[in-house]
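Numbering (our numbering), first residue to last: 324 to 660.
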Amino acid sequence: MTGAPGRRNLITDVPGLAVGQAEDAAARTGVTVILPGDRAVAGCDVRGGGPGTRETDALAPENLVEAVDAIVLAGGSVYGLAAADGVVAWLGAQGRGFGLVRRDGVPLSPVVPAAILYDLANGGDKAWGEEPPYRRLGREAAAGAGEAFALGTAGAGAGAMAGALKGGTGSASWILDDGVAVGALACVNSHGSVLAPGGRTFWAAPFEVGAEFGGLGPAGLSAAPGDWGPSKGSAVPRQNTTIACVATDASLTPAQAKRMAMMAQAGLARAIRPAFAPFDGDVVFALSTGGRPLTGGEAQLARIGSIAADCLARAVARGVYEAAAWPGAAAWRDLPA
């Protein structure tokens with residue numbers, strides 16, 4: 324299969340998408356907003372046993388809403404869902420949203436699905452009383468959205484841990500030979516390990532392009548059943564989640580976007596061992612900005628879904644590769660060569 328990463332190797336290589344991020348350094352947390360220029364068709368697939376989400380039911384293909392105004396990924400566990408409130412308020416002030424009743428004096432209703440990860444126990448200052456920072460962070464992230472954004476200890480991955488290593492926010496893209504763009508963004512806070520046992524090799528190594536996460540190759544990529552590599556020491560419910568978004572500019576229906584999200588989940592299984600555990604909250608959203616017709620029908624959709632899974636595996640590894648350490652949390656770059 325021919326093609327190449329986009330110019331930025333980010334999800335924003337999909338035309339029509341911007342990404343904004345905001346962090347609270349003292350609280351060791353943050354928010355990532357994926358912002359389409361126009362309302363985008365969306366789907367969602369939830370595989371983790373302990374998810375935290377907002378408005379995912381609205382994305383079911385049989386339901387009324389066929390497009391969204393933004394996707395929000397946030398730290399903060401249940402507090403982080405308030406980040407979507409800030410994004411909704413910002414979008415509404417811009418005159419963006421879904422209009423069931425279009426009449427003067429009736430505001431539009433922005434549709435902003437969201438998913439959260441748990442970073443409450445990472446040592447940051449969470450003494451926020453009745454004013455958690457997430458609504459503010461959501462608004463700041465949306466207002467600052469653009470084509471370039473930071474990877475690693477940034478956005479919703481700012482406070483994340485990936486197994487025993489510092490987690491983070493990663494992204495990757497691929498432009499197919501027919502011009503269709505596919506991209507992925509992941510905020511990695513997994514229980515499972517992103518590395519094979521006994522070394523620095525990412526499980527996602529077979530899918531690496533160039534040296535985007537170290538260029539070590541797949542040598543030594545093996546493990547006995549049940550030998551995951553450096554995962555978290557204890558499996559605490561609701562404290563382990565990888566939340567992600569994949570996107571394409573191929574024009575998809577809501578049902579096709581759902582299928583893309585389902586296929587993309589394979590990328591998490593390629594990059595994290597184990598994935599989809601009862602105590603993980605793994606969630607993948609899919610967006611279609613619709614700039615190109617889906618000329619190849621379901622066969623082309625299958626190809627896009629497969630590439631989305633590859634991009635997501637790469638995004639997971641890039642998020643950990645780019646992450647910076649903090650006290651008590653070693654980064655990939657700290658591991659012995």
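Positions of the beta carbon are idealized from the N, C-alpha and C atoms, including for glycine.
Please read these numbers as outputs of a predicted model, since none were measured by experiment.
Under three-state DSSP, which class holds residue i?
i: A412; result: helix
i: G480; result: helix
i: I627; result: helix
i: Q417; result: coil
i: T335; result: helix
i: K555; result: Unreliable placement is indicated for K555, whose pLDDT of 49 sits below 50; no coordinate value is reported for it.
i: E645; result: coil
i: V429; result: coil
i: L404; result: helix
i: F525; result: strand
i: G491; result: strand
i: E346; result: strand
i: L340; result: strand
i: V665; result: No answer is possible for residue 665: the residues shown for the chain start at 324 and end at 660.
i: G467; result: coil
i: D321; result: The chain is shown from 324 up to 660; residue 321 falls before or after that span and cannot be answered.
i: Q562; result: In this prediction, Q562 scores a pLDDT of 49, lower than 50, which makes its location untrustworthy; the coordinate-derived value is nonetheless stated afterwards. It is coil, neither helix nor strand.
i: F599; result: coil
i: L382; result: helix
i: G461; result: helix
i: L508; result: strand
i: R362; result: coil
i: L499; result: strand
i: D572; result: strand
i: R615; result: strand
i: D657; result: helix
Leaving out the 5 sequence neighbours to the left and right, which residues in its chain are closer than 7 Å to residue i when beta-carbon positions are compared?
i: R458; result: A405, A406, D408 and G409
i: R362; result: A390, V391 and D392
i: E463; result: A345
With burial defined as no fewer than 16 other Cβ atoms inside 10 Å of the residue's Cβ, what is the status of residue i: buried or exposed?
i: G665; result: Nothing about residue 665 can be reported from this structure: the residues present for the chain run from 324 to 660 only.
i: G422; result: exposed
i: G428; result: exposed
i: N386; result: exposed
i: L658; result: exposed
i: A444; result: exposed
i: P359; result: buried
i: G533; result: exposed
i: R426; result: exposed
i: E470; result: exposed
i: V424; result: exposed
i: A341; result: buried
Compute the beta-carbon to beta-carbon distance between residue i and residue j, rounded to the nearest angstrom, for a pair I have assumed lies under 8 Å.
i: I566; j: A438; result: 4 Å
i: A636; j: F530; result: 5 Å
i: Y402; j: N512; result: With a Cβ gap of about 15 Å, Y402 and N512 do not count as contacting.
i: T661; j: V369; result: In this structure the chain extends from 324 to 660, so residue 661 is not present and cannot be described.
i: I627; j: V517; result: In fact, because the Cβ distance is near 25 Å, the residues do not count as touching under 8 Å.
i: F679; j: C568; result: Lying outside 324 to 660, the shown extent of the chain, residue 679 is not represented and no answer is given.
i: A594; j: A640; result: 6 Å
i: G490; j: A646; result: 6 Å
i: A466; j: G506; result: The Cβ separation is near 22 Å, so there is no contact.
i: S611; j: V364; result: 4 Å
Excluding sequence positions up to five away, which residues of its chain have a Cβ less than 6 Å from the Cβ of residue i?
i: A434; result: First, the residue type needs correcting, since residue 434 is Val and not Ala in the sequence shown. Correct list, in chain order: V388, V391, D392 and F421.
i: Q623; result: L617
i: S557; result: Since pLDDT at S557 reaches only 44, below the 50 mark, its modelled position is unreliable, and no value is offered.
i: D448; result: A349 and A350
i: V411; result: P433 and V435
So, at 8 Å on beta carbons, what are the nonlocal neighbours of residue i in its own chain, with the 5 sequence-adjacent residues on each side left out?
i: P374; result: A438, T564, G604, D605 and V606
i: P430; result: G415 and G420
i: A653; result: A487, L488 and K489
Residue i CB to nearest chain B CB: under 8 Å?
i: G478; result: The question asks about chain B, but that chain is absent: this structure has only one protein chain.
Checklist entry - Quick one: any contact between the segment 610-620 and the segment 567-578, if contact means 3 or more CB pairs under 8 Å? => result yes
Checklist entry - Are three or more beta carbon pairs between the segment 539-547 and the segment 329-337 nearer than 8 Å? => result With a cut-off of 8 Å, the segment 329-337 and the segment 539-547 do not count as touching, because too few Cβ pairs lie within range.
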